[in-house]
Structure formats: structure tokens, C-alpha cells
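Q: Using the working numbering, read the sequence shown as starting at 828 and increasing by one per residue. Where is the CB? At the ideal position from N, CA and C, for every residue including glycine.
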Amino acid sequence: MEFKPTKEYIAKLLGNEGIRFIIPEYQRPYRWEKDQCETLWNDIIEVFESENEEYFLGSIVTYRDNNDELSIIDGQQRITTFILIFRAFYECFESENDKGDFPKDFGKCIWDYERDKGLLYEKTHLKSQVAIESDLDNLEKILSKTINNEKLNNNSFYVKNYFFFYEKLKEFKTNHSMSWGKFCNFILGNKLFVLLVICDSQESAMIIFNTLNSRGLPLLNSDILKGHIYRYKKNNQGDSHQFTQDWQYLETLIEYNKEIEGVDFFFLQYMHIIRAVKGDYDTTKLSMLSFFTKKDRKKKYYGALDDWLYKDGTIPFIINLAKFWTSYKDFLSDISCRYMNVLNLFQNASWKSFVSCLVYKNREYFENDDFDKVNFSKDFDKYLVELIKYMTLLFLNNNATTSISNEIVFKLNVNVLQKKDLSTNFTQKYEFPKFEDFKEFCISYPRKMKYLLYLYAFIYSDFKDDIIEASKLQIEHILPQKWQYKCNDWTEKLHKKYLEEIGNKILLDSKTNSKCSDNFFAYKQRIYSKKGDNSLKEIKDLGSREKHIWLKEDIEARNKEIYRRLKAFFDKNS
């Protein structure tokens, strides 16, 4: 990665001969509010009046594109605002008879200049290619030689901010006429500066930007992919309006969904789908951006090589994928929803690509006016339980590394989309552990117990009942965590030995768990039977048990029962 950070005074930077800043398609629209303009203006006045200070305007992160123009990754809002300020300065001199050099000096910050021709108004130093923005024509009108106020849209941020600074300048000129020339020289001089970073590539610029912008909104890969698709639609199909509407709809689908981190997620899923279609289960991590935009056969960038980004079905499928992931319960059977609830407890999210492959495999169902939920769910009913088996056996065998988890899922992706047996290409088969090994695992890895108990709760009811979300459940120790002297036949030594065994643990909703606290089993039984969540069948069974004491024999028996049911589940689905 190479980049050149330099301190640049804003007027000299924008006034450089031949300079051209490009705001790429993937950038967000210009959205500086009035209070931001007010703050900038007040800061400028404060620095002007202090005389000795300089003012740092922020960083501008760019890279040189194929036309040797500077594409802005970060700082487009600031650059745009200063272009508007310089245009407001230029306009302030239009009514003056003795204009001097100031109009030319400010104009050179906006337009190209040639000595024998003067300012070249058709060649601006800023060009916006933002894909989804309705008022770019207002920017073009402001940056023309003559501004016709009647043709400007006063709701445009460009227009509002241009007039804000124009009015501020006129007010300053009227109230401080003796300082006007000095103020102009101050703006054009060596007081207001930026840190300009010119990177060697777009990816390098994104890395620098997201590092500098840790407090702000990151620039997403999907923002750039949006720009690529927009440009293709506009140049090759002549109409980008439908794509613009589709993208806006896609963003509204996930706007309030906290589980999904932006549109990037869906393009990542799409990348995994394409790799599976191509039979690629290599676990080498690929850059999603490169995968879709760089035609490199050696690196298996199939998305770019086969132009998947521009296929007519891509955006409609991405939208349907978003609909599914934001509300999968609307598309799946009850049992598949329960499988999804279990899978959602895995920290490694690679399993989601397998689910997305199933969505892709059944994508034709989205084309029907009446969605066929029953038939759409059949593959999910069949394969999600297999996915649970593979993922669970990995960590039960102490082998759930990210690399191995990815390898397992990527192979499953290929097999399901190429209609092969799921076990194809697997050289190692993971077995359910022996009973003693299972007990040892449960004690050694307490953080895995919530998942196992949640899975067991579904198995206990044969996946016939819904269970409340795992996030609302806590692990309850049936034998209280705090040893008590008058606790039936328990000694402190026995208490310590059996406390953390899985047979002594069960899931409870947080409110009921709090009520149980460190009370004796007989007291807890009353709470289990009356207060426990109705979806937890075993809790109700414990509450109605005739035996009102909880002994080591009970824990040992439940250890075996949990093991038996889990093993039967895995054997049945193997």
C-alpha cells in the first residue's frame, strides 16, 4: 500500500492547474446541514480574527483513476462545500465595477484557466457522479458562468448552502467593508488547510478512509458496487431509474434491522453462491470488491469474469434475499424456523451462506404472485437439520476453527447447488463423542452449554414446539450454585463435583431464573410449574415431578438422558 499525505492549503489545492476532483457513483449524496455550515463559517471568522492561527479542515482521501483524476473516497462533503464558498465569493464580485484579480483568483478554484482565454466555465474542478442523487443539475447550474436563481431548486442542499454562504459574505462585505480585501486574501492564502492523501489504488484509499473515519459511517463495498451497476445500467441500457428505485427499496428493507449490517451482507452471500455454482470450496479469503470488479482468472474472481454484477437477475435476487433474511419466518415452515433459531446461536456466521444457497436454489418461487411457502420450505426442512449436525459435531470434537468451519460450509454449498450428496468431498467424518468425553466437554466448555441446552430443548419436544428466543434465556442451575449446609444429602465436595454438569443445567427465562435464585428444589418446582415459560416443556415436567428433592443420582440420570436424546438426534440425521 502506497500513499502520499501532504498538507495543502484549500485555495491553492483547488486552484491547481488541471486539478479535477471526482465524486464517484458509490458516494453518498451531498447532505451538509445548515448547522454544519454555520459552524464552519464561525470557525473561519474566528481564525481570520485571530490572525496568527491556521485552521485544519480535515482529511481528503483520494486515488488517481484511469483518467488521472482524483476520485474522492473521503472528504467529498468538505470539498463540495468549499467549492460552493468559492462560487459565492466569485458571485460577490459580479456587481462591482473595479473587480481586480479576486474574481479570477476565486474562479480558478472552481474552473480551469488559460491565460489567453481566461476562465473555462465548462471545465469545473469538481464533478459528481453520485448514482442516487436527484439534484445534481442544481450543482451544475451553480457552477455555471451565470447563476439564474429562478431555475434553482431551493430544497437542494447545494442551493441552500450556496445561498447561506453568499448571504454571509454579503453581510460581511457590508458590515466590514474595510476588511473585505483582507478577508479575501485570507481565504486564498495559507491559513485554511487539509491533509490530502493520494493512494495508489481504490482499495488502499478505502482502508485509509475507514481507519481515519472510525467515528463516522464507513464506506461500504456495496456503495462501490452500487456505483459500478449504476454506471453499467446508464451506459449500456440508457436508463438507470429502475435500478435507482430498486436500490432505494433494498436499503429500506434493512433500514431498521439490527441483525444485518448493511447491503454488504447480501453481496457477500451472493459471492458465496457464485463460488458454489462454480464448484469452488477453497477457503482462501477473497476480497468481495475484487471478486465482482477485477477480471483475474488466477484468483477465481468469477463475479467479475462472468459479469454477475450486471446480470438482469442479480438485483431482483438480492432484493428477494434481503426479504428472506429480514423476515425468514414469513418464508419458512415452523420446523425450519426452529432450525434457524438454533443456528443463530453459532458465533461463526459462515453457516448463513448455506442458507443463502438454499434461497438461490429455490429462487423461482419468488416469481409467483402467490408465494408457495410449503414447497419453498422443503429443501430447508431437509437440509437445515443436516447443517446443524455438521456445525455441532465440529465443536463437540474440539475442531470448530474458523478455517474448518468455512471449509465444511463451503463444501455443503457446492454439494447442495450441484445436487450432490451432502457428504461429497468430505474426507473426515465427525462422530458424536462417547458419553464420558461428552460429560468432560460440557464441564470444560461452559460457554457452549447455552447452545447445547437450547438444541436439547427443541429435541425434547421433537421440534414440535416454538421456544422463546435464546437471547431471553439464561442457564439455571437446578442444584443451587451456592452450597447450603442443610441441602439434603449434599456435601460441599459433592456440590462442587456435580454443580457444573450438564444434567444440573436447564434454560429459563430471565425473570423466572431470578425468582429461583439459590432456593431448594422443592421451592423451585412451584416456580417451574407456575412461572416458567410454557414453551420450555422440560421445565413443566420438572415442576410436576412427584419427587421433591434433587440428588446426584438425578443429575447423573439427566446427564445420560440428555446424551441419549442428543445422540439419537444425530444418529437419526446422519
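1. Compute the beta-carbon to beta-carbon distance between I1035 and V888, rounded to the nearest angstrom, for a pair I have assumed lies under 8 Å.
2. Which runs of the beta strand (DSSP E) at least 3 residues long sit entirely within the segment 879 to 962? Give them in chain order.
3. Comparing alpha-carbon positions, which option in N975, A1131 and I906 lies nearest L1052?
4. Below 6 Å CB to CB, which residues in the same chain sit around T908 once its five sequence neighbours on both sides are set aside?
5. Out of A1149, L1334, S886 and R1124, which one is the CA nearest neighbour of L1282?
6. Between which two residues does the alpha helix (DSSP H) holding Y1390 run?
7. DSSP three-state call for N1226: helix, strand or coil?
8. Beta-carbon within less than 8 Å of K1277's beta-carbon, same chain only, minus the 5 sequence neighbours each way: which residues are those?
9. Which residue wins for smallest C-alpha separation from G842, given the options E881, D939, K1266 and K1246?
10. Just the C-alpha distance for D1134 and I1231, rounded to the nearest angstrom, thanks.
11. Under 8 Å between the Cβ atoms of S1163 and S1204?
12. May I ask you to report which of helix, strand or coil DSSP gives V1090?
13. Any contact between the segment 1139 to 1158 and the segment 1084 to 1101? By contact I mean 3 or more CB pairs, one from each, below 8 Å.
14. Of the choices K1112, Y1137 and L1136, whose alpha-carbon is the least far from that of K1126?
15. My parser needs the alpha helix (DSSP H) runs of 4 or more residues fully inside the segment 1100 to 1138; what are they?
16. Given this structure, state the Cα-to-Cα distance separating S1337 from H1304, to the nearest angstrom.
17. With D1368 as the anchor, note down where its alpha helix (DSSP H) starts and where it stops.
18. Rank G1330, I937, I1270 and F1348 by C-alpha distance to the C-alpha of P1307 and give the top, closest one.
19. Would you kindly work out how many angstroms separate the C-alpha atoms of S886 and S1031, rounded to a whole number?
20. Take I846 and list the residues in its own chain whose beta-carbon comes closer than 6 Å to its own, dropping the five residues that flank it on each side.
21. State the beta-bridge partners of C1011 as determined by DSSP.
22. DSSP state of T973, grouped into three classes?
23. Report yes or no: do three or more beta-carbon pairs, one from the segment 1385 to 1399 and one from the segment 1257 to 1270, lie closer than 8 Å?
24. Reducing DSSP to helix, strand and coil, say where K1247 ends up.
25. Please report the straight-line C-alpha distance between N1063 and L1080, rounded to a whole angstrom.
26. Going along the chain, which residues of its own chain have a beta-carbon closer than 7 Å to the beta-carbon of W1178, five neighbours each way excluded?
27. The beta strand (DSSP E) with D1027 in it runs from where to where?
28. State the DSSP-derived secondary structure class of Y836, mapped to helix, strand or coil.
29. Kindly indicate which three-state DSSP category Q1301 falls into: helix, strand or coil?
30. Just to confirm before moving on: does the CB-CB distance between F1290 and R1165 stay below 8 Å?
31. For L1022, name the three-state secondary structure that DSSP assigns.
32. Can you tell me whether A1384 is buried or exposed, with buried defined as 16 or more other CB within 10 angstroms of its CB?
33. Looking only at C-alpha atoms, which of E881, N1048 and L1019 sits nearest to Y853?
34. CA-CA distance, D964 and H1068?
35. For the beta strand (DSSP E) holding L1170, just list the boundary residues, first then last.
36. By the 10 Å Cβ neighbour count, where 16 or more other Cβ atoms means buried, how is F1207 classified, buried or exposed?
A: Working from what's here:
1. To locate residue 1035, count along the sequence shown from 1; it is residue 208. To locate residue 888, count along the sequence shown from 1; it is residue 61. Yes, I1035 and V888 are in contact; Cβ-Cβ is about 5 Å, under 8 Å.
2. 882 to 891, 897 to 901, 938 to 941, 945 to 951 and 953 to 955
3. By 1-based counting over the sequence shown, the position of residue 1052 is 225. Nearest of N975, A1131 and I906 to L1052, Cα basis: A1131.
4. Taking the sequence shown and counting its residues from 1, the one referred to as residue 908 is at position 81. Cβ neighbours of T908 beyond the five flanking positions: W859.
5. Position 455 of the sequence shown, counting from 1, holds the residue named residue 1282. With distances taken between CA atoms, L1282 lies nearest to L1334 out of A1149, L1334, S886 and R1124.
6. Counting from 1 along the sequence shown, the entry for residue 1390 is found at position 563. From DSSP, the alpha helix (DSSP H) with Y1390 extends over K1379 to K1399.
7. For the purposes of this step, residue 1226 is taken as residue 399 along the sequence shown, with counting starting at 1. Correct three-state label for N1226: coil.
8. Position 450 of the sequence shown, counted from the first residue, corresponds to residue 1277. Result list for K1277: L1172, A1297, L1300, I1302 and L1334, in chain order.
9. By 1-based counting over the sequence shown, the position of residue 842 is 15. Out of E881, D939, K1266 and K1246, the CA that lies nearest to the CA of G842 is found in D939.
10. Within the sequence shown, numbered from 1, the residue matching residue 1134 stands at position 307. Within the sequence shown, numbered from 1, the residue matching residue 1231 stands at position 404. Between D1134 and I1231, the C-alpha separation is close to 30 Å.
11. As a first step, residue 1163 is located in the sequence shown; it is residue number 336 there, counting from the start. As a first step, residue 1204 is located in the sequence shown; it is residue number 377 there, counting from the start. Yes.
12. Stepping through the sequence shown from its first residue, residue 1090 is reached at position 263. In the structure shown, V1090 sits in coil (DSSP, three-state: anything other than H, G, I, E or B).
13. yes
14. By 1-based counting over the sequence shown, the position of residue 1126 is 299. The residue with the shortest Cα to Cα distance from K1126 is K1112.
15. Runs of the alpha helix (DSSP H) lying entirely within the segment 1100 to 1138, each at least 4 residues long, are 1115 to 1120 and 1129 to 1132 in chain order.
16. The residue you call residue 1337 lines up with position 510 of the sequence shown. The residue you call residue 1304 lines up with position 477 of the sequence shown. Distance between the alpha carbons of S1337 and H1304 is about 13 Å.
17. Against the sequence shown, residue 1368 aligns to sequence position 541. Counting along the chain, the alpha helix (DSSP H) containing D1368 begins and ends at K1364 to G1370.
18. Here residue 1307 refers to the residue found at position 480 when the sequence shown is read from its first residue. Looking at the Cα atoms, F1348 is the closest of the given residues.
19. Working through the sequence shown from its first residue, we reach residue 886 at position 59. Working through the sequence shown from its first residue, we reach residue 1031 at position 204. Taking the straight line joining both Cα atoms gives about 15 Å.
20. Residue numbering aside, residue 846 sits at position 19 when the sequence shown is read from its first letter. Contacts found: H952.
21. In the sequence shown, residue 1011 corresponds to position 184, counting from 1. Paired residue(s): none; C1011 is not in a bridge.
22. As a first step, residue 973 is located in the sequence shown; it is residue number 146 there, counting from the start. Of the three classes helix, strand and coil, the one that applies to T973 here is coil, per DSSP.
23. yes
24. The residue you call residue 1247 lines up with position 420 of the sequence shown. It is coil, neither helix nor strand.
25. In the sequence shown, counting from the first residue as 1, residue 1063 sits at position 236. In the sequence shown, counting from the first residue as 1, residue 1080 sits at position 253. In a straight line, the C-alpha of N1063 is about 28 Å away from that of L1080.
26. Here the question's residue 1178 lines up with position 351 in the sequence shown. Cβ neighbours of W1178 beyond the five flanking positions: L1170, L1214, M1218 and V1236.
27. Counting from one through the sequence shown, the residue named residue 1027 turns up at place 200. Unbroken run through D1027: none, as it is neither H nor E.
28. Along the sequence shown, read from residue 1 onward, the residue named residue 836 stands at position 9. In the structure shown, Y836 sits in a strand (DSSP, three-state: E or B).
29. As a working note, residue 1301 is residue 474 in the sequence shown. Correct three-state label for Q1301: strand.
30. Here the question's residue 1290 lines up with position 463 in the sequence shown. Here the question's residue 1165 lines up with position 338 in the sequence shown. Yes.
31. By 1-based counting over the sequence shown, the position of residue 1022 is 195. L1022 falls in the strand class under three-state DSSP.
32. For this step, residue 1384 is matched to residue 557 along the sequence shown. With fewer than 16 Cβ atoms within 10 Å of its Cβ, A1384 is classed as exposed.
33. Locating residue 853 in the sequence shown gives position 26, counting from the first residue. Relative to the Cα of Y853, the nearest Cα in the group E881, N1048 and L1019 belongs to N1048.
34. As a working mapping, residue 964 is identified with position 137 in the sequence shown. As a working mapping, residue 1068 is identified with position 241 in the sequence shown. D964 and H1068 have their C-alpha atoms roughly 16 Å apart.
35. Here residue 1170 corresponds to residue number 343 of the sequence shown, with the count starting at 1. Run containing L1170: none in the beta strand (DSSP E); it sits in the alpha helix (DSSP H), D1161 to L1170.
36. Sequence index remark: in the sequence shown, residue 1207 carries index 380 (1-based). So F1207 ends up on the buried side.
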